[in-house]
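Q:
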Amino acid sequence: MAEISMTVNGRKVTGTVEDRTLLVHFLRENLGLTGTHVGCDTSQCGACVVHLDGKAVKSCTMLAAQASGSEVTTIEGLAQGAELHPVQAAFREHHGLQCGFCTPGMIMAAVDMINRHPEGLDEKTVRAELEGNLCRCTGYHNIVKAVLAAAEAMGGKAVKAA
Amino acid sequence: MHQTTYHRASSISEAVKMLKEAEDGKFVAGGQTLIPTMKQRLAAPSDLIDLRHIGELKGIEVAGNTVKIGAGTTHAEVARDAALAKACPALCHLAAHIGDPHVRHMGTLGGSIANNDPAADYPAAVLALAATVHTNKREIAADDFFVDLFETALEDDEIVTAISFAVPEKAGYAKFPNPASRYALTGVFVAKHADGVRAAVTGAGENGVFRAEAIEKALVGAFEASALDGTTVPADGLMSDIHASAEYRANLIVVMAKRAVQAANGG
Amino acid sequence: MGIEGIGARVARKEDKRFITGLGRYVDDMVVPGMKHAVFVRSPHAHAAIKGIDATAAKAMPGVIDVLTGPELKADGIGNLICGWMIHSKDGSPMKMGAWSPLAVDRVRYVGEAVAIVVAETRNQARDAAEAVEVSYEEMPAVTDAARALDAGAPQLHPEAEGNLIYDWEIGEAAAVDEALAKAAHVTRLKLVNNRLVPNAMEPRAALGHYDMAEDHFTLWTTSQNPHVARLVMSAFYNVAPENKLRVIAPDVGGGFGSKIYIYPEEIVCLWASKRTGVPVKWTADRTESFMCDAHGRDHHTEVALGFDADNRMVALKVDTIANFGAYMSLFSSAVPTYLYATLLSGQYVIPKIHCNVRAVYTNTAPVDAYRGAGRPEATYVLERTVETAARELGISPAELRRRNFIREFPYQTPVIMNYDAGDYEASLDAAMRAADYDGFPARREEAKKRGKLRGIGMSCYIEACGIAPSQAVGSLGAGVGLWESAEVRVNAAGTIEVLTGSHSHGQGHETTFAQVVASRFGVPLDQVSIVHGDTDKVQMGMGTYGSRSGAVGASAIVKALDKVEAKAKKIAAHLLEADEGDIVIENGEAKVAGTDKSLPWAQVALAAYTAHNLPEGMEPGLKETSFYDPTNFTFPAGCYIAEVEVDPETGHTDIVQFVAADDFGNIINPLIVEGQVHGGLAQGIGQALLEGCHYDPASGQLVTASYMDYTMPRAGDLPSFKVSTTNTPCPGNPLGVKGCGEAGAIGSPPAIINAITDAIGTNALDMPATPQKVWAAMK
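Chains as they are written, first to last, in this note's numbering: chain A, 12 to 173; chain B, 30 to 296; chain C, 7 to 785.
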């Protein structure tokens with residue numbers, strides 16, 4: 012068993028888990044943070060994306076023990092109280108979600124993407140940057156729209172055409 | 030995943046010691062290949078020795094005509110490095126197209142070449158750049174490093190610490206991704222060195238990454254895409270699967286080589 | 007009406023929980039004492055089970071029990087069934103082979119469940135599952151439906167000789183043959199409709215809980231229709247009687263048809279909970295989803311379409327072999343018959359149509375309805391043939407379609423369907439305008455200069471939504487009625503709850519249904535709640551599939567609203583001392599028309615519950631129920647135009663433009679309708695370009711068992727879509743709506759392939775048009 016401790020959504024947490032426990036299962040089962048989802052076994056769907064020390068990673072492709080000592084942000088930690096993060100608000104406004112299952116990973120990926128592109132985003136870049144996130148409902152059309160709108164709202168420039 | 034025991038090493042020597050003490054241990058760097066493999070129960074190391082927190086494995090150094098990249102440097106770090114972008118932009122381009130953004134935040138150069146997946150991108154660059162692979166024990170020439178599918182010259186307790194290479198005159202990488210996995214269905218890295226041209230192919234060979242002689246020969250005279258018009262490579266020895274027959278891959282090798290040369294020549 | 011009512015572009019009410027990570031899916035559920043299940047699955051496509059030894063597995067850490075098929079049978083759990091009876095043309099009933107939830111003596115596809123392991127943790131269950139020793143005797147397998155009909159092919163079920171489930175036909179073969187013989191031109195094609203894996207992003211899951219104290223079962227499951235699940239599990243599988251079984255489908259992460267069916271795992275988890283005395287949770291991993299979720303499509307078809315000298319269609323002949331997989335899934339039999347052949351008239355006047363369908367067993371996962379279900383297959387057959395015919399006849403594809411459009415409604419096709427309304431020319435014109443169809447030759451020239459082959463293709467589809475009426479589908483073999491129910495509860499303070507038998511797994515019912523209610527009484531949207539997905543809360547319902555929630559589910563709500571409104575008017579008239587006929591309810595008030603007398607809506611509601619002053623003889627309360635059975639299908643239609651560029655060196659296809667012009671009748675929420683179209687398009691384009699389920703023909707192994715090999719559409723594979731709508735309201739339901747959930751998946755595949763074949767100049771191309779295939783076709 013591994014003794015692990017990390018900061019999740021600003022809160023210090025500890026736990027004793029099997030060494031083989033994945034970070035996503037530690038978050039979901041030990042911490043009850045079920046917003047982070049598992050949609051595949053091969054690290055491709057991105058439903059499990061969280062931020063580890065400020066960077067988007069796949070929490071299904073990492074042991075909880077590997078993340079020990081790190082700071083983790085999950086979808087539950089994104090909004091400031093009742094105030095939605097601009098990316099969350101944009102997903103709602105632009106209907107960037109349907110069943111909602113891929114949404115937490117999409118939003119965490121989008122926040123990371125926008126952070127890495129302070130110069131702004133265009134449609135082509137957003138589509139390329141979504142390589143690691145699968146959605147089966149929206150055809151991505153409104154997700155792309157939402158990310159561009161959020162990038163603009165967060166101060167970057169959103170260029171419409173590629 | 031089968032049971033395993035996790036260890037975190039803070040130095041190379043500690044990592045080696047941990048591995049020696051383990052029954053059937055394995056090093057893990059970014060874990061972007063190993064963890065999924067373990068999840069599918071296709072690998073079951075008794076112990077995992079985490080190299081991610083070893084400071085001496087990280088960093089990119091461009092000094093004069095030589096580039097040295099620490100094995101623990103992530104794909105995202107390679108993709109975004111300003112000095113490297115001047116010295117060898119093709120390598121930044123390659124790193125920027127491995128996996129997806131989340132994978133690039135974790136995956137490392139050392140992990141990629143030590144695993145030697147036949148469809149990984151880095152092996153093509155290392156081979157075409159005639160890089161030297163530095164380990165905790167020795168230096169290995171790229172030509173001697175990649176042995177076979179998922180097989181390298183590394184010994185069990187040997188850790189890749191860095192790669193280094195002389196800045197090429199020109200270099201380019203073009204990849205045709207597998208539509209499903211987005212690994213290279215065929216990727217070609219071409220590099221024009223003072224002493225000749227090297228072209229390495231990943232994703233296509235039955236035995237993993239290899240140098241494409243026909244491509245290299247055609248480019249010796251003129252390092253131009255048009256120099257490859259009419260060049261063919263044999264389908265023998267190329268992989269065949271539901272996504273691409275050997276013949277299709279043979280075609281892609283030439284097409285990707287042309288595009289890599291175009292990229293090397295500035296698009 | 008208004009900013010929140012019918013027709014308003016309202017952002018979804020349900021989004022708040024999803025964007026904050028507070029959605030509640032089955033795998034998120036935890037009940038005290040819950041344990042975890044993993045299934046032992048067949049590694050073989052076809053084998054006899056000689057024995058199962060679970061001794062070692064049962065002794066492993068954390069293991070509570072290992073249960074097998076014989077134990078399940080001994081407890082009287084029934085076989086899975088197909089609920090739609092189809093008769094072959096010789097009058098014999100379809101041949102249904104036995105499908106036990108856990109295999110007893112034989113396995114017939116890779117992934118078939120053989121045993122369940124229940125343990126403290128999922129990892130422990132997985133460890134133990136590997137230790138269950140099943141002794142198999144391998145048998146030869148067949149995965150291709152046409153091969154399965156060959157003499158000497160491996161035989162799957164003793165009930166179905168030659169692997170033939172049924173040999174069904176519609177229309178008159180002789181008349182069609184005669185018309186084709188006389189035709190001025192006949193276009194013939196052989197087409198494959200590729201097998202797809204639905205891939206809802208949420209894998210299926212089940213949590214079964216047997217409460218010994220109450221002798222009562224609860225099942226949390228990823229279902230599109232929890233009431234049907236309860237009905238089938240009690241009536242056919244003997245898991246528990248309906249009054250002892252509660253089925254809850256909470257937030258469900260996409261379905262696309264794959265979560266209609268009642269699968270072995272749900273049944274086994276419930277049964278195992280009773281056997282082990284602990285709540286049992288199972289969640290599929292993605293590879294299990296690939297192996298075991300019902301797949302879609304998988305047709306081989308030969309088609310002949312005849313024209314007279316004026317290029318008018320005279321007859322259509324279609325011969326289809328449909329791969330059903332190893333067992334008949336719940337609605338499988340209806341898909342290539344009444345959901346397929348009945349749509350073969352498309353948007354055209356075709357005087358004579360004949361279609362023959364042979365349904366066949368193979369050693370593959372069961373096949374059933376997947377987004378569109380039969381209608382994409384019909385559209386693909388017809389629209390590829392029409393486009394090919396236009397090329398052969400040297401006439402523009404648009405012109406050939408125009409010449410043959412149905413223009414008068416209602417229109418009775420030769421294949422059962424009676425189209426109630428439509429304007430096919432309007433959607434064709436809208437699409438051609440949006441696509442700048444006339445500007446295409448210049449764009450093709452420009453692309454040529456860049457070394458790209460540019461092509462354009464169109465597809466004019468028809469679909470039938472809201473399958474109904476119950477009496478008619480019953481006469482065609484359906485085992486259930488296809489109505490929908492609604493209960494509208496006005497609370498004492500005027501807020502409203504609507505209980506619906508529809509189920510939302512992404513469609514946005516909590517918003518659109520609330521808009522319907524808000525429109526009626528002018529109450530704010532946030533005072534209306536939609537309740538669904540729980541058999542303990544909602545009266546009987548039929549669930550969501552076949553784009554039926556608007557046309558049938560919302561219509562049921564309207565019918566219940568009618569009753570509520572009538573009663574509310576009576577109450578208001580009584581309180582306002584006015585004539586009932588003079589009361590109007592709008593903007594949250596009951597008013598006496600032409601006066602300034604009014605009552606707030608909340609006061610009318612309160613009066614209904616205080617019952618201090620009601621009209622003589624009126625019962626207290628304001629709550630009404632309706633069961634709505636439509637009189638006909640609805641018939642959405644539209645025109646899609648795809649424009650592609652093919653890289654001649656690699657065969658890679660880029661979609662440079664995709665235009666969709668749909669006629670969905672009236673629209674409740676355009677934002678949501680557009681989203682449905684986008685998603686359908688992505689799945690249809692995925693089928694055309696990317697997705698193909700592949701079994702190794704020799705071993706029967708599933709080659710595309712993960713996202714490493716099965717190509718899911720990603721953001722970078724798709725363009726932004728140009729969507730628009732035209733409107734001929736549906737005359738058959740109170741809202742005039744038609745349904746929009748499947749259109750995108752139905753209309754887009756032929757448009758894409760027509761565009762690629764236009765670009766590369768050959769008609770011989772099957773889906774998915776992968777780079778390798780397109781490259782080979784160009785050679």
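Every residue gets a Cβ at the ideal spot worked out from N, C-alpha and C, and that includes glycine.
1. How is isoleucine 12 of chain C classed by DSSP in three states: helix, strand or coil?
2. Tyrosine 367 of chain C bridges to which residues according to DSSP?
3. To the nearest angstrom, how far is the alpha carbon of alanine 437 of chain C from that of glycine 644 of chain C?
4. Going straight from the alpha carbon of serine 510 of chain C to that of threonine 631 of chain C, what length do you get?
5. So what does serine 535 of chain C bridge to, in DSSP terms?
6. Fully enclosed by the segment 46 to 107 of chain A, which beta strand (DSSP E) runs are 3 residues long or longer?
7. Please report how far the alpha carbon of phenylalanine 308 of chain B lies from the alpha carbon of alanine 213 of chain B, in whole angstroms.
8. Within 10 angstroms of the Cβ of glutamine 91 of chain A, are there 16 or more other Cβ atoms? Answer buried if so, exposed if not.
9. Going along the chain, which residues of the segment 692 to 718 of chain C sit with their C-beta nearer than 7 Å to a C-beta in chain B?
10. Quick check: what's the CA-CA separation for alanine 617 of chain C versus histidine 93 of chain C?
11. Check whether the segment 538 to 558 of chain C touches the segment 457 to 475 of chain C, counting contact only when three or more Cβ pairs, one atom from each stretch, lie closer than 8 Å.
12. Consult DSSP for lysine 323 of chain C and reduce its assignment to one of helix, strand or coil.
13. Kindly say whether proline 208 of chain B, judged by its beta-carbon, lies nearer than 9 Å to any beta-carbon of chain A.
14. When the Cα of alanine 54 of chain C is compared with those of C:Val124, C:Lys454 and C:Tyr115, which residue comes out closest?
15. What would DSSP say about tyrosine 24 of chain C, mapped onto helix, strand or coil?
16. Candidates A:Lys66, A:Thr27 and A:Gly21: which alpha carbon is nearest glycine 116 of chain A's?
17. With 16 other CB atoms within 10 Å as the buried threshold, where does glycine 512 of chain C fall?
18. Measuring alpha carbon to alpha carbon, tell me which of C:Val192, C:Val72, C:Ala152 and C:Asp772 ends up nearest glutamate 139 of chain C.
19. With burial defined as no fewer than 16 other Cβ atoms inside 10 Å of the residue's Cβ, what is the status of valine 176 of chain B: buried or exposed?
20. What does a CB cutoff of less than 7 Å around alanine 121 of chain A pick up in its chain, not counting 5 residues either side in sequence?
21. Taking DSSP's pairing of strands, which residues face valine 189 of chain B in a bridge?
22. Going by the beta-carbon positions, is the gap between threonine 103 of chain B and glycine 60 of chain B smaller than 9 Å?
23. Which term fits lysine 597 of chain C, buried or exposed, when burial requires 16 or more other beta carbons within 10 angstroms of its beta carbon?
24. Within the same chain, show all residues whose beta-carbon is closer than 7 Å to that of alanine 751 of chain C, passing over the 5 residues directly before and after it, in chain order.
25. Applying the criterion that 16 or more other CB atoms from any shown protein chain within 10 Å of the CB defines a buried residue, is alanine 80 of chain C buried or exposed?
26. Please list, in chain order, the residues of the segment 525 to 557 of chain C that have any C-beta partner in chain B closer than 8 Å.
27. To which residues of the same chain is alanine 667 of chain C closer than 6 Å at the C-beta, ignoring the five residues directly before and after it?
28. Does the segment 123 to 140 of chain B come into contact with the segment 60 to 74 of chain A, if we say contact requires no fewer than three beta-carbon pairs (one atom in each stretch) closer than 8 Å?
29. Specify the secondary structure class of lysine 786 of chain C as computed by DSSP and reduced to three states.
30. Using a Cβ-Cβ distance cut-off of 9 Å, determine whether threonine 25 of chain A contacts chain B.
31. Would you say histidine 52 of chain C lies against chain F (beta-carbon separation less than 9 Å)?
32. Any chance you could list the alpha helix (DSSP H) runs of at least 4 consecutive residues sitting entirely within the segment 121 to 169 of chain B, in chain order?
33. Counting along the chain, where does the beta strand (DSSP E) carrying histidine 104 of chain B start and finish?
34. Hey, does threonine 53 of chain A have any beta-carbon neighbour from chain C nearer than 9 Å?
35. Which of the three DSSP states is assigned to asparagine 236 of chain B in this structure?
36. On the criterion of 16 or more Cβ atoms from any shown chain inside 10 Å, does alanine 172 of chain A qualify as buried, or is it exposed?
A: By the coordinates alone:
1. In the third sequence, residue 12 of chain C corresponds to position 6, counting from 1. Coil, per DSSP.
2. Mapped onto the third sequence, residue 367 of chain C falls at position 361. C:Gly331, per the DSSP bridge assignment.
3. Here residue 437 of chain C corresponds to residue number 431 of the third sequence, with the count starting at 1. Here residue 644 of chain C corresponds to residue number 638 of the third sequence, with the count starting at 1. Alanine 437 of chain C and glycine 644 of chain C: Cα-Cα distance of roughly 9 Å.
4. Taking the first residue of the third sequence as 1, we reach residue 510 of chain C at position 504. Taking the first residue of the third sequence as 1, we reach residue 631 of chain C at position 625. Serine 510 of chain C and threonine 631 of chain C have their C-alpha atoms spaced approximately 20 Å apart.
5. Taking the third sequence and counting its residues from 1, one reaches residue 535 of chain C at position 529. Partner(s): C:Glu503.
6. 60 to 63, 66 to 69 and 82 to 84
7. Since the first residue shown for chain B is 30 and the last is 296, residue 308 of chain B is missing from the structure and cannot be characterised.
8. On the first sequence, position 80 is the one that residue 91 of chain A refers to. It is exposed - the Cβ of glutamine 91 of chain A has fewer than 16 other Cβ atoms within 10 Å.
9. Leu696, His700, Val709, Tyr713, Met714, Asp715, Tyr716 and Thr717
10. For the purposes of this step, residue 617 of chain C is identified with residue 611 of the third sequence, where counting begins at 1. For the purposes of this step, residue 93 of chain C is identified with residue 87 of the third sequence, where counting begins at 1. Cα to Cα, alanine 617 of chain C sits roughly 56 Å from histidine 93 of chain C.
11. Touching, per the Cβ criterion.
12. Locating residue 323 of chain C in the third sequence gives position 317, counting from the first residue. In this structure, DSSP gives lysine 323 of chain C an extended state, which the three-state scheme calls strand.
13. The residue given as residue 208 of chain B occupies position 179 in the second sequence. Not an interface residue.
14. Here residue 54 of chain C is taken as the residue at index 48 of the third sequence, counted from 1. Ranking the options by Cα distance to alanine 54 of chain C, first place goes to C:Tyr115.
15. Position 18 of the third sequence holds residue 24 of chain C. It should be pointed out that residue 24 of chain C corresponds to phenylalanine in this sequence rather than to tyrosine. Correct three-state label for phenylalanine 24 of chain C: helix.
16. In the first sequence, counting from the first residue as 1, residue 116 of chain A sits at position 105. Considering only alpha carbons, the answer is A:Lys66.
17. By 1-based counting over the third sequence, the position of residue 512 of chain C is 506. Glycine 512 of chain C is buried by the Cβ-count criterion.
18. Locating residue 139 of chain C in the third sequence gives position 133, where the first residue counts as 1. Relative to glutamate 139 of chain C, the option among C:Val192, C:Val72, C:Ala152 and C:Asp772 whose CA is nearest is C:Val72.
19. As a working note, residue 176 of chain B is residue 147 in the second sequence. The residue is exposed, with fewer than 16 neighbouring Cβ atoms inside 10 Å.
20. In the first sequence, residue 121 of chain A corresponds to position 110, counting from 1. So the qualifying residues of the chain are Val98, Val158 and Ala161.
21. Locating residue 189 of chain B in the second sequence gives position 160, where the first residue counts as 1. Answer by DSSP bridge pairing, in chain order: B:Thr164.
22. Here residue 103 of chain B corresponds to residue number 74 of the second sequence, with the count starting at 1. Here residue 60 of chain B corresponds to residue number 31 of the second sequence, with the count starting at 1. No.
23. Taking the third sequence and counting its residues from 1, the one referred to as residue 597 of chain C is at position 591. Buried, by the Cβ-count rule.
24. On the third sequence, residue 751 of chain C is found 745 positions in, with the first residue counted as 1. So the qualifying residues of the chain are Arg377, Gly378, Pro382, Gly686, Gln689 and Gly690.
25. Here residue 80 of chain C corresponds to residue number 74 of the third sequence, with the count starting at 1. Answer is exposed; the Cβ neighbour count stays below 16.
26. Taking 8 Å as the Cβ-Cβ cut-off, the segment 525 to 557 of chain C has no residue approaching chain B.
27. For the purposes of this step, residue 667 of chain C is taken as residue 661 along the third sequence, with counting starting at 1. The beta carbon of alanine 667 of chain C sits closer than 6 Å to the beta carbons of Ser433, Ala436, Ala437, Gly644, Cys645 and Ser730 from its chain, once the five residues preceding and following it are set aside; these are given in chain order.
28. yes
29. Shown here, chain C extends from 7 to 785; a query on residue 786 of chain C therefore has no answer.
30. Your numbering for residue 25 of chain A matches position 14 in the first sequence. For threonine 25 of chain A, the answer is no, since every Cβ of chain B falls outside 9 Å of its Cβ.
31. No chain F is present in this structure, whose protein chains are A, B and C.
32. Fully enclosed alpha helix (DSSP H) runs of 4 or longer: 130 to 135, 138 to 144 and 151 to 157.
33. Here the question's residue 104 of chain B lines up with position 75 in the second sequence. No beta strand (DSSP E) contains histidine 104 of chain B, which is instead part of the alpha helix (DSSP H) from 104 to 109.
34. Position 42 of the first sequence holds residue 53 of chain A. Yes, contact with chain C.
35. To locate residue 236 of chain B, count along the second sequence from 1; it is residue 207. If DSSP states are grouped into helix, strand and coil, asparagine 236 of chain B belongs with coil.
36. For the purposes of this step, residue 172 of chain A is taken as residue 161 along the first sequence, with counting starting at 1. Bear in mind that a pLDDT of 36 at alanine 172 of chain A, under 50, signals an unreliable position, so the number given afterwards is only what the model happens to contain. Classification of alanine 172 of chain A: exposed, given that the 10 Å Cβ count is below 16.
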